[in-house]
Amino acid sequence: MRITVVGKGNVGGGLADLWEQAGHTVTRLGRDGGDVSDAEVVLLAVPGGAIAEALEKVGGIEGKTVIDATNLYGVVPPAGFASNAEFVKSKTNGPTAKAFNINFASLYPELSKARARPSNLWCGDAEAREAVEQLNRDAGYDPVWAGPIENAASQEALVKIVFAIGEGLGPFVYRMAPIEEL
Ligand SMILES: NC(=O)c1ccc[n+]([C@@H]2O[C@H](COP(=O)([O-])OP(=O)(O)OC[C@H]3O[C@@H](n4cnc5c(N)ncnc54)[C@H](OP(=O)(O)O)[C@@H]3O)[C@@H](O)[C@H]2O)c1
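Take the sequence shown: its position 88, counting from 1, is numbered 126 in the working numbering, and each next residue is one higher.
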């Protein structure tokens with residue numbers, strides 16, 4: 039796949055590395071933005087409070103399949119939206135998913151060492167499913183669907199629980215699967 043990551047830090051850069059290792063072609067954009075016309079999938083991995091500013095600097099995103107990996111720490115989604123993901127969809131009018139926000143980027147290099155493949159929650163549009171699930175598998179995760187895009191606010195809120203658990207465990211992975219697959 040041709041992928042453009044908007045935000046090339048821990049998440050954007052880390053996933054770009056994993057996806058390149060899996061054979062994808064990845065373009066990395068930073069805070070200066072750029073054009074994503076050539077991309078089949080766009081990953082948004084900028085600070086949660088910078089989503090509107092970031093999208094203003096990205097051209098060619100109309101209709102694209104977009105994966106929003108942002109989290110909101112001490113900030114709220116743009117006015118009128120329950121979640122960053124729904125704001126993103128309002129700007130692109132394309133297939134949209136919330137994914138890669140409920141895991142630790144610091145563990146990307148360790149995923150292949152796990153005894154069982156870690157899960158990664160995603161919610162969003164059916165039209166995004168094929169790309170999102172493929173890119174999850176190619177990053178080393180087992181994708182778990184968490185409902186439609188209307189669930190994005192709940193998935194974004196889950197980061198509070200993730201941080202609380204992380205205070206005890208440190209960076210962790212998790213697995214949600216039918217019992218026979220554990
Ligand atoms: N770190 C994690 O484990 C983790 C896990 C799940 C989700 N997340 C979420 O994923 C997002 C990225 O996290 P990260 O840890 O990768 O952050 P990061 O390492 O600080 O990288 C942030 C990226 O966003 C860009 N950026 C900063 N301000 C911007 C702005 N105003 N407009 C556009 N782009 C801007 C930066 O551009 P430059 O490269 O030009 O500086 C950088 O490439 C955040 O929303 C975070 O909450 C993080």
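All residues carry an ideal CB built from backbone N, CA and C; glycine is no exception.
These figures come from a predicted structure and were not determined experimentally.
- For the pair Asp-76 and Phe-142, the Cα-to-Cα distance works out to about 29 Å.
- Using a cutoff of 6 Å, the CB of Lys-151 does not count as near ligand 1, since none of the ligand's heavy atoms is closer than that.
- In the DSSP assignment, Leu-81 falls within the unbroken beta strand (DSSP E) covering 79 to 82.
- Inclusion of Val-44 and Ala-107 in the CB contact set at 7 Å is not warranted, their separation being larger than that value.
- By the Cβ-count criterion, Thr-63 is exposed, with fewer than 16 other Cβ atoms from all chains shown falling within 10 Å of its own Cβ.
- Ile-140 sits close to Leu-159, with the two beta carbons spaced by under 7 Å.
- For the pair Val-96 and Val-74, the CB atoms are nearer than the 7 Å cut-off.
- Here Val-113 carries a coil assignment [DSSP, helix/strand/coil].
- Contact between the region 146 to 160 and the region 198 to 213 is present: 3 or more CB-CB pairs across the two stretches fall below 8 Å.
- Around the beta carbon of Gln-193, 16 or more other beta carbons sit within 10 angstroms, so the residue counts as buried.
- Inclusion of Lys-46 and Arg-66 in the CB contact set at 7 Å is warranted, their separation being smaller than that value.
- Judged by DSSP in its simplified three-state form, Asp-55 adopts helix.
- Excluding five sequence positions before and after Leu-220, the CB atoms of its chain that fall closer than 8 Å to its own CB belong to Ala-154, Arg-213, given in chain order.
- About 19 Å separates the Cβ atoms of Ala-117 and Lys-136, ruling out a contact at the 8 Å cut-off.
- Gly-101 is the residue among Ile-89, Pro-85, Leu-93, Gly-101 whose C-alpha sits nearest the C-alpha of Val-79.
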